[in-house]
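Residues 9 to 320 in the working numbering are what the sequence shown lists, from first letter to last.
Ideal Cβ placement from N, Cα and C applies to all residues, glycine included.
These numbers come from a predicted model, not from an experiment.
Accompanying notes for the structure given below.
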Amino acid sequence: MHRYGFVLKRPLQMIPVLFGISVITFVLVRSIPGDPARLILGTRATPEALARVRAEFGLDQSLAMQYVYFLKNLFQGEMGRSILYKIDVLGLVLQRIEPTLVLVAGAVLLSLLIAVPLASLSAQRPGSLADSAVRFFSTAGLGLPNFWLAIMLIILFSVGLGWFPVSGYGRTLPEKLHHMVLPWLTIALSLSAVLTRSLRATLVQQMRSDVALAARARGLPERIIFRRHVLPNSILPTLNLLAVNIGWLIGGTVVVEQVFAIPGMGQLLVRAIFSRDYMVVQSVAMAFAVATVIVNFTADILTVTVDPRVKL
C-alpha cells in the first residue's frame with residue numbers, strides 16, 4: 009500500500025470518533041442541573057412564558073429529537089440558535105474564533121522557540137549546570153497550574169511593572185499583540201516544559217545513534233553533527249508530542265481566556281455552560297474536537313512525509 013494510503017482511510021475513521029464526542033457532549037450538557045428558559049426569564053416568569061421559550065429553542069422536544077435536530081443542523085452547515093445571545097451559533101463561533109486561534113498559534117510558536125534552544129543546550133552539555141537548570145525548569149513547569157501562573161504574571165508585569173495590559177484583546181494589530189504577550193507566555197511556559205523534557209531525551213538518544221557515530225568517525229565537528237543529523241531527527245517526535253497535547257492546549261486556553269478576559273472560544277464556552285446555552289456548548293465542543301482531530305491528522309501526514317519508513 010502507498011505510504012499515503014491512510015489519508016483516504018483516516019477521514020472515515022474520524023466519523024465514529026466525532027459522532028461519539030457529539031453524543032457524550034450532548035448527554036453531559038443535558039445533565040447540568042437548571043432550566044435554560046428559567047435562567048433567561050428569571051424566577052418570576054409565568055408558565056406560559058417559560059413554555060414559549062422552550063418551544064422556540066426546541067427544549068420541549070424529547071432528548072432524542074433534540075439530538076436529531078442537532079445532527080441535522082451540523083449536516084446542513086448550521087449550529088442552531090443561541091439561547092443566551094439570540095443569534096446563530098455559527099456566526100457567534102466565527103466572531104470568537106480569531107482570538108483563540110491567535111492565542112494557540114502564538115503559544116505553540118513561543119513554546120518551540122523556548123523548548124528547542126533549551127533542550128539543545130541541555131543535551132549537548134549533560135551533567136553541567138546548564139543541564140541541571142534546564143531539567144529543573146522542565147520539571148517545575150509541569151507542576152505549575154495555568155491559572156496560578158497567569159495571576160503571577162499579571163501581578164509582576166501588569167500591576168507591578170505596568171508593561172502589559174491586565175486583560176482584553178485590543179482592536180488594532182499592535183494592540184492585539186500587546187495584549188496577547190502574557191497569555192502566550194502563560195501557556196508557553198507550561199507547554200515548553202513538556203516539549204523540552206521530551207526533546208532533550210530524544211536528542212541524547214540521537215547523539216548516541218549509529219548515524220552520529222558514523223559522522224564522528226568521518227571527523228565531522230560536534231556542532232555539525234548536531235545541526236545536520238541529531239536535531240533534524242529529533243524534531244519530528246517533538247512535533248508528534250505537540251499534536252498529541254493539542255487537547256490539553258485547547259483546555260488551557262479556556263482557563264487563560266477567563267483569567268485575561270479574552271473574548272475567545274474558551275470564554276464563550278464557560279459562559280454558555282453557566283447559562284445552560286446547550287447549542288453553544290455543543291458547537292464549541294465539536295469545534296474543539298474537530299480541531300484536535302485535524303491537528304493530529306496533519307501531524308501524521310508530516311511524519312510520513314519526513315520519514316518514509318513510518319507506516320500508518
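Contact set for residue i: own chain, Cβ-Cβ below 8 Å, skip 5 residues either direction
{"i": "D96", "result": "E86, M87, G88, R89 and S90"}
{"i": "Y77", "result": "G66, Q69 and G88"}
Own chain partners of residue i with C-beta closer than 7 Å, once the 5 adjacent residues on each side are dropped
{"i": "F296", "result": "I258"}
{"i": "V303", "result": "A251 and I254"}
{"i": "W156", "result": "none"}
{"i": "P271", "result": "R104, P107 and Y177"}
{"i": "N248", "result": "A307 and T311"}
{"i": "S242", "result": "L207, T210, L211 and Q214"}
{"i": "M188", "result": "V110, L111 and G114"}
{"i": "Y75", "result": "F34"}
Cα-Cα separation between residue i and residue j, rounded to whole angstroms
{"i": "P229", "j": "P182", "result": "43 Å"}
{"i": "N81", "j": "V263", "result": "29 Å"}
{"i": "L100", "j": "A201", "result": "34 Å"}
{"i": "V291", "j": "V219", "result": "Rather than Val, the amino acid found at residue 291 in this sequence is Ser. The straight-line gap from Cα to Cα measures roughly 48 Å."}
{"i": "L277", "j": "V288", "result": "7 Å"}
{"i": "A148", "j": "M294", "result": "33 Å"}
{"i": "A333", "j": "A131", "result": "What the structure shows of the chain is the stretch from 9 to 320, and residue 333 is not part of that stretch, so it cannot be assessed."}
{"i": "A225", "j": "F144", "result": "34 Å"}
{"i": "A72", "j": "V35", "result": "10 Å"}
{"i": "F282", "j": "L16", "result": "40 Å"}
{"i": "V61", "j": "A45", "result": "6 Å"}
{"i": "V267", "j": "P134", "result": "38 Å"}
{"i": "L244", "j": "H237", "result": "13 Å"}
{"i": "F172", "j": "D139", "result": "31 Å"}
{"i": "I163", "j": "V298", "result": "35 Å"}
{"i": "P19", "j": "A53", "result": "47 Å"}
{"i": "L98", "j": "L137", "result": "52 Å"}
{"i": "G168", "j": "I159", "result": "12 Å"}
{"i": "L190", "j": "A59", "result": "46 Å"}
Cross-strand partners of residue i (DSSP beta bridge)
{"i": "D96", "result": "R89"}
Close beta carbons around residue i, own chain, < 6 Å, minus the five adjacent residues each side
{"i": "G42", "result": "R284"}
{"i": "Y286", "result": "V37"}
{"i": "A57", "result": "L49"}
Residue i CB to nearest heavy atom of the ligand GDP below 6 Å
{"i": "G85", "result": "The ligand GDP is not among the ligands present in this structure, which contains no ligands whatsoever."}
Entirely enclosed alpha helix (DSSP H) segments - the segment 21-66, minimum 4 residues: 44-49 and 55-64
In chain order, each alpha helix (DSSP H) run of at least 4 residues that lies wholly inside the segment 252-305: 254-268 and 273-282
Inter-stretch contact (C-beta, 8 Å, three-pair minimum) for the segment 204-222 and the segment 231-250: yes
The segment 117-126 contacting the segment 182-196, beta-carbon criterion three pairs below 8 Å: yes
The segment 201-210 contacting the segment 120-137, beta-carbon criterion three pairs below 8 Å: yes
Runs of alpha helix (DSSP H) wholly within the segment 207-249 (minimum 4 residues, chain order): Counting only runs of 4 or more, we get 218-225 and 230-233.
Every unbroken alpha helix (DSSP H) inside the segment 153-185 [4 residues or more]: Counting only runs of 4 or more residues that sit fully inside the segment 153-185, the alpha helix (DSSP H) segments are 154-161, in chain order.
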